[in-house]
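The numbering of the sequence shown is our numbering, which starts it at 75 and goes up by one.
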Amino acid sequence: MSAAAAAQSTSLIDPYGRGIDYVRVSVTDRCNLRCTYCMSERMEFLPRSELLTIEELDRVCTAFVRRGVRHLRLTGGEPLMRRGIMDLVNGLSRHLKSGALKELTLTTNGVRLAEFADDLAAAGVRRINVSLDSLDRSTFARIARSDCLPQVLEGIEAAKAAGMKIKINTVALRHDNAADLPDLIQWAHGSGMGITLIETMPLGAVDEDRTDQFLSLEEVRLDLSSFWTLTDLPERTSGPARYVRVAETGGTLGFITPLTHNFCDTCSRVRLTCSGTLYMCLGQDAAVDLRAPIRQSQGDALLNAAIDAAILKKPKAHDFTIPVRGDAPAVRRHMSVTGG
Ligand code: SAM
Ligand code: SF4
């Protein structure tokens, strides 16, 4: 039996008939920034002993690839802060070369991207998502709690020079960057990059009340439509984004609206934390520990059984609701733990 046929015969199908072919892997919960919507200023991180080693991350990713997963996205925390990250990327690139894996990508804050861009491109990373919430240095510094905009812009240039396709991710925040969004979109499109706007999700406790910052993307879209022509694109990834073309800039703009639109019917992804817990949904607590089966035996039988048990737990839809002032977050873990 060919490798593709073997993967087909053991592929991952959840109870609602959705095929799972996309895994997001958080390689660390640590970060060199402290974005206000993502983390509190003083975060407690996991002890290093809790983390999957680079070899264990490779093993679990490989098990997923053998079960038909075609897309792997490394994220965090900040993936480029994980020691040994290039060993992981270089190791996983063998699945790109064999054709088993269609895509190996990363979501990064870009601060260290200039250092890694050439090596990532050489390993076969063709696309990368860079999170950037403002082009104004002081606004960026206020949101990220760190004055790193120049490094991020340098990282973007380096990734472009290395031939990678870049998509910008921007969290829309009512007070901090709502007014900057048109400039950011124009800049991204003018530089040949796509951009996706994201609504803040109630994940983990942060220092601010998210109600103050929540900005519905429906409102943003209406505002943009008052001076630009937005045309819906049929293109849909397996993810939650909906896309439009902006006639005036010629670029593609995505909207991720987990709170105002439910996107779960076509969800094909699961998420692995840096300590080896597999979450079936960003907005639900259904989870299975994969670290114990990885450590209990050298063979993959236990690991595969745990993956099967996990997929059976994938919920039909997430539990997010628009945040109400003073409410606890819908999900207690931070995005940096589950992997955004
Ligand atoms: N550190 C990397 C980065 O910022 O791109 C990767 C991890 S970060 C958790 C992934 C994405 O999640 C980023 O685009 C970030 O803006 C987004 N994010 C983090 N917390 C969020 C929240 N509470 N609501 C919506 N998006 C969030
Ligand atoms: Fe770090 Fe990314 Fe969270 Fe910002 S969004 S604090 S860069 S993990």
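We put the beta carbon where it would ideally sit given N, CA and C, even for glycine.
Taking all protein chains shown into account, P367 has 16 or more neighbouring C-beta atoms within 10 Å of its C-beta and is therefore buried. In this structure, G150 places its C-beta atom within 8 Å of the C-beta atom of C105. In the three-state reduction of the DSSP assignment, F119 falls in the coil class, being assigned neither a helical nor a strand state. Under the 10 Å beta carbon count, L307 is surrounded by fewer than 16 other beta carbons and is classified as exposed. DSSP places L209 outside any beta strand (DSSP E), giving it a letter other than H or E. With contacts defined as CB atoms closer than 8 Å, L258 and V294 fail to qualify as a contacting pair. Within the same chain, and ignoring the five residues on either side of A235 in sequence, the residues whose Cβ sits closer than 8 Å to its Cβ are A191.
D88 counts as buried, since no fewer than 16 other beta carbons sit within 10 angstroms of its beta carbon. Between the ligand SF4 and the CB of E115, the shortest heavy atom gap is not smaller than 7 Å.
If you check the C-beta of V134 against the ligand SAM, you find no heavy atom less than 7 Å away. By the C-beta density criterion, T347 is buried, having at least 16 other C-beta atoms within 10 angstroms.
A direct Cα-to-Cα measurement between G350 and R116 gives close to 24 Å.
The alpha-carbon of T213 is positioned some 7 Å away from that of N251. The beta carbon of L107 lies closer than 6 Å to those of N183, A218 and S220 in the same chain, with the five residues before and after it left out. D374 is bridged by DSSP to nothing; it lacks a bridge partner. Of the residues F288, I269, L255 and H263, the one whose Cα lies closest to the Cα of L298 is L255.
Of all C-beta pairs linking the segment 364-379 to the segment 118-131, three or more are shorter than 8 Å, placing the two stretches in contact. A distance below 8 Å separates the beta carbons of I385 and I94.
Taking all protein chains shown into account, F329 has 16 or more neighbouring C-beta atoms within 10 Å of its C-beta and is therefore buried. Apart from sequence neighbours up to five positions away, the residues of its chain that approach V143 with a beta-carbon distance below 6 Å are D95 and V97, ordered along the chain.
According to the DSSP assignment, F329 belongs to the beta strand (DSSP E) that extends over G325 to I330.
Take the alpha-carbon of D207 and the one of Q372: they are about 43 Å apart. A residue is called buried once 16 or more other Cβ atoms fall within 10 Å of its Cβ, and S100 is buried on that count.
Relative to the ligand SF4, even the nearest heavy atom lies 7 Å or more away from the CB of N164.
Taking 7 Å as the cut-off, one finds no heavy atom of the ligand SF4 near enough to the beta carbon of C348.
Put simply, of A262, C135, V245 and T323 the residue whose alpha carbon is nearest the alpha carbon of T331 is V245. Under the DSSP assignment, N106 falls outside any alpha helix (DSSP H); it carries neither an H nor an E label.
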